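This report concerns only the one structure given below.
2 protein chains.
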Amino acid sequence: MKLYDSPTAPSPRRVRIFLAEKGVTIPTVQVDLRAGEQFTPSFRALNPQCTVPVLELDSGAAVTDIIAICRYIEELHPEPVLMGRTPEQRALIDCWVRRIEWDGISAIAEAFRNSTPGLEQRALPGPLPLAQIPALAERGRLRAAHYFEWLDAQLADHAFVCGPEFTVADISALVTVDFARRAKLDPPDHLRHLKRWYGEVASRPSAKA
Amino acid sequence: MKLYDSPTAPSPRRVRIFLAEKGVTIPTVQVDLRAGEQFTPSFRALNPQCTVPVLELDSGAAVTDIIAICRYIEELHPEPVLMGRTPEQRALIDCWVRRIEWDGISAIAEAFRNSTPGLEQRALPGPLPLAQIPALAERGRLRAAHYFEWLDAQLADHAFVCGPEFTVADISALVTVDFARRAKLDPPDHLRHLKRWYGEVASRPSAKA
Chain A
4 MKLYDSPTAP SPRRVRIFLA EKGVTIPTVQ VDLRAGEQFT PSFRALNPQC TVPVLELDSG
64 AAVTDIIAIC RYIEELHPEP VLMGRTPEQR ALIDCWVRRI EWDGISAIAE AFRNSTPGLE
124 QRALPGPLPL AQIPALAERG RLRAAHYFEW LDAQLADHAF VCGPEFTVAD ISALVTVDFA
184 RRAKLDPPDH LRHLKRWYGE VASRPSAKA
Chain B
4 MKLYDSPTAP SPRRVRIFLA EKGVTIPTVQ VDLRAGEQFT PSFRALNPQC TVPVLELDSG
64 AAVTDIIAIC RYIEELHPEP VLMGRTPEQR ALIDCWVRRI EWDGISAIAE AFRNSTPGLE
124 QRALPGPLPL AQIPALAERG RLRAAHYFEW LDAQLADHAF VCGPEFTVAD ISALVTVDFA
184 RRAKLDPPDH LRHLKRWYGE VASRPSAKA
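In order, the protein sequence lines correspond to chains A and B. Position 35 of the first sequence, counted from 1, bears residue number 38 in our numbering, the numbering being contiguous throughout. Position 83 of the second sequence, counted from 1, bears residue number 86 in our numbering, the numbering being contiguous throughout.
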């Protein structure tokens, strides 16, 4: 197996933290996104979507989705369980992760990619050049603010996003907070449950990954 | 278990087709989206995201994501296998489904929701009113066109989206074609591999679901 990674993007960090929690090490290839290495013919042959992370399997197959990579690793290395112990837990964790991706990550990306100089034709990841839409940056900011309010409410009576145990949903949500900071969309200070939880998950050794 | 469904939306149809392929019947509650039943207090208590489908489990937990519902059903009723027989197959099917969702369903929804009269404040599903952005409708049309070209290329040398077997990826892709038609974004006639595949999957009995 080989993991195509990049230190500058939030997506591969979700996989790195997951691997760190599992105690699993995979040989890694760094892809320089700022130099456009994701658009080279050799990378496109691996992943036509031109995104990282990619997990290249020994068969040569490329797993190009973050959660698909995590689930594959979970099947190979079940402990510690990060994606649920029962069909019901797995289904509910999957729902939270999806919500974090749609309402959190994609909202923040909407704000960031549609307003950041240097990303003028990069409003979405992928091979298609897409112009920034200023109204979309504004919509992303609004959605991100609502997302953090929801996350705070969710954490009011749960230790972690999905309940009493740390799961892949916490990894995904941790990355949204750090991504939001980079996009100058820091969650407001009055969201104290979010703050308490963030202090805990960000101080786990895996968060350095 | 109870499935909250609606005949007018593409999302719950993905679950209905999946259940039909499995031969599984679940008691169903119809949610009238046009009358705004997804915004009533009782529905919000079940799913604060105000979307269908929702699978309410016997424990009272609500599974609100399409693929999480499908995976839960697959765990309870493994045959016929629709989500992969091995960790590698499961990971790759997951990637295709994600791609169909991002590049297909979300692109078509972008075009449809940002241009359809009556959806002026409904540019995204969910509880937050969001104004239509005309530039986003245009972007969605462009992305949908690229998606269908990709799908056609993928089907050039595969019987089904993920290879020789019908999977949940075919269900998701079938729904994108029908959703695109409704949005007047029909795949062009020259995409003959797509046309061949569509003829096959749309004539399965499950497609009537």
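Note that the Cβ used here is the ideal one computed from N, Cα and C, for glycine as well. Since the model is a prediction, treat every value here as computed from it, not as a measurement.
| query | result |
| --- | --- |
| Cβ shell of E59/B (< 6 Å), same chain only, five flanking positions each side left out | K5 and A65 |
| Local conformation of V18/B per DSSP, three classes | helix |
| Under the three-state DSSP convention, the category E59/A falls into | strand |
| Rounded straight-line distance, which links the Cα of A210/B to that of L197/A | 44 Å |
| Rounded separation between R144/A and W153/A - CA only | 14 Å |
| Candidates T170/B, V204/B and L177/B: closest to P83/B by CA position | T170/B |
| Cut-off 6 Å between Cβ atoms - residues of its own chain near L139/A, not counting five sequence neighbours on either side | E113 and N117 |
| Touch test, the region 18–28 of chain A against the region 172–185 of chain A, Cβ-Cβ under 8 Å, three pairs minimum | yes |
| heavy atom of the ligand FMN below 7 Å from P83/A C-beta | Absent from the structure shown: the ligand FMN. Ligands present: none. |
| Residues sharing a beta bridge with G166/B, DSSP | F163/B |
| Cross-strand partners of T31/A (DSSP beta bridge) | L6/A |
| Nearest-angstrom Cα separation, counted from T11/B out to P10/A | 43 Å |
| Any C-beta of chain A under 8 Å from that of D97/B | yes |
| Supposed close pair V180/B, Y201/B - CB separation, criterion 8 Å | 6 Å |
| Span separating the alpha-carbon of Y150/B from that of H193/A | 42 Å |
| Inter-residue Cα distance where the pair is N50/A and I70/B | 23 Å |
| Cβ of E78/B within 8 Å of any chain A Cβ | yes |
| DSSP beta-bridge partners of R185/A | Paired residue(s): none; R185/A is not in a bridge. |
| C-beta atoms of I72/B and F182/B nearer than 8 Å | no |
| For I171/A, three-class secondary structure by DSSP | Looking at the sequence shown, residue 171/A is not Ile but Val. Here V171/A sits in helix by DSSP. |
| Unbroken stretches of the alpha helix (DSSP H), 4 residues or longer, contained in the region 44–130 of chain B | 44–49, 69–79, 90–102 and 109–116 |
| CB contact below 8 Å: H196/B versus chain A | no |
| Unbroken alpha helix (DSSP H) run spanning E203/B, endpoints | R195 to A205 |
| Pairwise C-alpha distance: R125/B and L131/B | 8 Å |
| T54/A to T67/A span [Cα, whole Å] | 8 Å |
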